[in-house]
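Undergrad:
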Amino acid sequence: VFQINDNNGTTQLLGIAPTTGNATFAGNIATSGNINISGTSGKYGINSVDLIEYSGGFRIGAVSDDDESLTLVGFGGQPNIVLGETAMQFNFSTSEKMRLDNGGHLGIGNNSPSSFWSQANTLVLDDGGNTGLTIKSTATGNGRVVFTDQSSSNPGFTDGGQIHYGHTNDKMRFRTAGADRVTIDSQGRVGIGNVDPAFLLQISGSDSTLMQLNNTGGSSAQCRLQFKRDSAIRWNLGANVTNEFTFFDQQ
Numbered sequence: 031v032f033q034i035n036d037n038n039g040t041t042q043l044l045g046i047a048p049t050t051g052n053a054t055f056a057g058n059i060a061t062s063g064n065i066n067i068s069g070t071s072g073k074y075g076i077n078s079v080d081l082i083e084y085s086g087g088f089r090i091g092a093v094s095d096d097d098e099s100l101t102l103v104g105f106g107g108q109p110n111i112v113l114g115e116t117a118m119q120f121n122f123s124t125s126e127k128m129r130l131d132n133g134g135h136l137g138i139g140n141n142s143p144s145s146f147w148s149q150a151n152t153l154v155l156d157d158g159g160n161t162g163l164t165i166k167s168t169a170t171g172n173g174r175v176v177f178t179d180q181s182s183s184n185p186g187f188t189d190g191g192q193i194h195y196g197h198t199n200d201k202m203r204f205r206t207a208g209a210d211r212v213t214i215d216s217q218g219r220v221g222i223g224n225v226d227p228a229f230l231l232q233i234s235g236s237d238s239t240l241m242q243l244n245n246t247g248g249s250s251a252q253c254r255l256q257f258k259r260d261s262a263i264r265w266n267l268g269a270n271v272t273n274e275f276t277f278f279d280q281q
């Protein structure tokens, strides 16, 4: 056995067993270079469950269900981050909170985001009950969700779609093909083709027909536009079953 003791010659600091080649250390190892570890068995030449562990806080090595992982252990010895072959898990205590799998699917509160519809599973939010997403902006800032099919410096403004909320005037705007289509202002007024509606519903456009009412209930169905005051129907405007234009008082 080769060994190095302390100054008193009583405490072994380094020992190497000639038959196994195993080395034991007492104290810390300090180096300004790299420490290389190699072996003859195991995929990475490391055949230990806990290769490095410091006060239950940091561990590199195998875990029970994945021998190709790196586990960062939090206080109390519970794994907080597990970097595995197929997924990266973020845990608090024993509960998984977020997972990024090897297909690029991110699940927050869900451990199988890839199981959802393939056209909408890049990000899956799951809070178990009510689930929401908040976009926080300043009092004069804007919140946006942008849809685009190309790399652009201003997607949603010159191409693609955008849902836009401006906090300066508390106005919601919906854009398609890079243009404003529907606007809801802070008073609840809706503008279709108009970004500053002056009425509860204002439709603006260059087409000869700006609005169509279509009743698909069959030949016996009438198509009407009703005018009410309070809760009572006052007037009806529309077409009857014989395609005649009708305008009548229903008081």
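Here the numbering used here is used: the first residue of the sequence shown is 31, the next is one more, and so on.
By construction, the Cβ of each residue, glycine as well, lies at the ideal position given by its N, Cα and C atoms.
1. Given a cut-off of 8 Å on the beta-carbon distance, is the pair Q242 and N270 in contact?
2. So, with DSSP's three-state summary, where would you put S125?
3. To the nearest angstrom, how far is it from the Cα of F122 to the Cα of Q232?
4. Should N140 go down as buried or exposed, given a rule of 16 or more other Cβ atoms within 10 Å for buried?
5. Leaving aside the five residues before and after Y74 along the sequence, list all residues of the same chain whose C-beta is less than 7 Å from its C-beta, in chain order.
6. Alpha carbon to alpha carbon, what distance is there between L102 and T6?
7. At which residue ranges does the stretch 132-216 contain complete beta strand (DSSP E) runs of 3 or more residues, listed in the order of the chain?
8. Look at the alpha carbon of Q256 and the alpha carbon of F275, and state the distance between them as a whole number of angstroms.
9. Closest by CA to G133, which one among N244, K127, F146 and G221?
10. Hey, H197 and N172 are a contact pair by Cβ (cut 8 Å); roughly how many whole angstroms apart?
11. Spatial neighbours of D156 within its chain, please: C-beta separation below 6 Å, excluding the five flanking residues on both sides.
12. Around the Cβ of N151, are there at least 16 other Cβ atoms within 10 angstroms (buried) or fewer (exposed)?
13. Using only the alpha-carbon positions, how far apart do S167 and S183 sit?
14. Apply the 10 Å Cβ neighbour rule to R205 and answer buried if 16 or more other Cβ atoms are within range, or exposed otherwise.
15. For S261 and N244, I'd like the C-alpha separation in whole angstroms.
16. What separation, rounded to the nearest whole angstrom, lies between the Cα atoms of D96 and G114?
17. If G208 sits next to T188, beta carbons under 8 Å apart, how far is it from one beta carbon to the other, in whole angstroms?
18. What's the gap between the Cα of R174 and the Cα of N266?
19. Straight-line CA distance for R254 to G268?
20. Identify which residue in G248, N224, S249 and A228 has its Cα closest to the Cα of L240.
21. Just grab the DSSP bridge partners of F229 for me.
22. Using a Cβ-Cβ cut-off of 6 Å (strictly less than) and excluding sequence neighbours within five positions of I165, which residues of its own chain qualify?
23. Out of T272, N273 and D279, point me to the one whose CA is closest to I263's CA.
TA: In short, the structure shows the following:
1. Counting from one through the sequence shown, the residue named residue 242 turns up at place 212. Counting from one through the sequence shown, the residue named residue 270 turns up at place 240. Contact flag unset, no.
2. Translated into positions along the sequence shown, residue 125 becomes position 95. Strand.
3. Here residue 122 corresponds to residue number 92 of the sequence shown, with the count starting at 1. Here residue 232 corresponds to residue number 202 of the sequence shown, with the count starting at 1. For F122 and Q232, the distance between alpha carbons rounds to 51 Å.
4. Within the sequence shown, numbered from 1, the residue matching residue 140 stands at position 110. Classification of N140: buried, given that the 10 Å Cβ count is 16 or more.
5. Along the sequence shown, read from residue 1 onward, the residue named residue 74 stands at position 44. Legend: pLDDT at Y74 = 34, less than 50; position of this residue unreliable, no value from coordinates given.
6. Examination of residue 6 is not possible in this model, given that the chain is present from 31 through 281 alone.
7. Correct list: 136-138, 153-155, 172-177, 191-196, 201-206 and 209-214.
8. Stepping through the sequence shown from its first residue, residue 256 is reached at position 226. Stepping through the sequence shown from its first residue, residue 275 is reached at position 245. Each residue's alpha carbon lies about 14 Å from the other.
9. Walking along the sequence shown from the start, residue 133 turns up at place 103. Checking every option, the nearest Cα to that of G133 belongs to F146.
10. Mapped onto the sequence shown, residue 197 falls at position 167. Mapped onto the sequence shown, residue 172 falls at position 142. That pair is a contact at about 7 Å.
11. Numbered from 1 along the sequence shown, position 126 holds the residue referred to as residue 156. Excluding positions up to five away in sequence, the list reads G139 and N140.
12. By 1-based counting over the sequence shown, the position of residue 151 is 121. Buried.
13. The count along the sequence shown starts at 1 and reaches residue 167 at position 137. The count along the sequence shown starts at 1 and reaches residue 183 at position 153. Answer to the nearest angstrom: the Cα atoms are 20 Å apart.
14. Looking up residue 205 in the sequence shown gives position 175. Result: buried.
15. Sequence index remark: in the sequence shown, residue 261 carries index 231 (1-based). Sequence index remark: in the sequence shown, residue 244 carries index 214 (1-based). Between S261 and N244, the C-alpha separation is close to 24 Å.
16. Working through the sequence shown from its first residue, we reach residue 96 at position 66. Working through the sequence shown from its first residue, we reach residue 114 at position 84. In this prediction, D96 scores a pLDDT of 44, lower than 50, which makes its location untrustworthy; no coordinate-derived value is stated.
17. One-based indexing of the sequence shown puts residue 208 at position 178. One-based indexing of the sequence shown puts residue 188 at position 158. With 8 Å as the limit, G208 and T188 qualify as a contact, their Cβ atoms being about 5 Å apart.
18. Here residue 174 corresponds to residue number 144 of the sequence shown, with the count starting at 1. Here residue 266 corresponds to residue number 236 of the sequence shown, with the count starting at 1. One C-alpha to the other measures close to 41 Å.
19. Indexing the sequence shown from 1 puts residue 254 at position 224. Indexing the sequence shown from 1 puts residue 268 at position 238. Each residue's Cα considered, the two are about 4 Å apart.
20. Counting from 1 along the sequence shown, the entry for residue 240 is found at position 210. Taking only the C-alpha atoms, the option nearest L240 is N224.
21. To locate residue 229, count along the sequence shown from 1; it is residue 199. Bridge partners of F229: none, in fact.
22. To locate residue 165, count along the sequence shown from 1; it is residue 135. Here the set comprises G173.
23. Numbered from its first residue, the sequence shown carries residue 263 at position 233. I263 has its Cα closest to that of D279, out of T272, N273 and D279.
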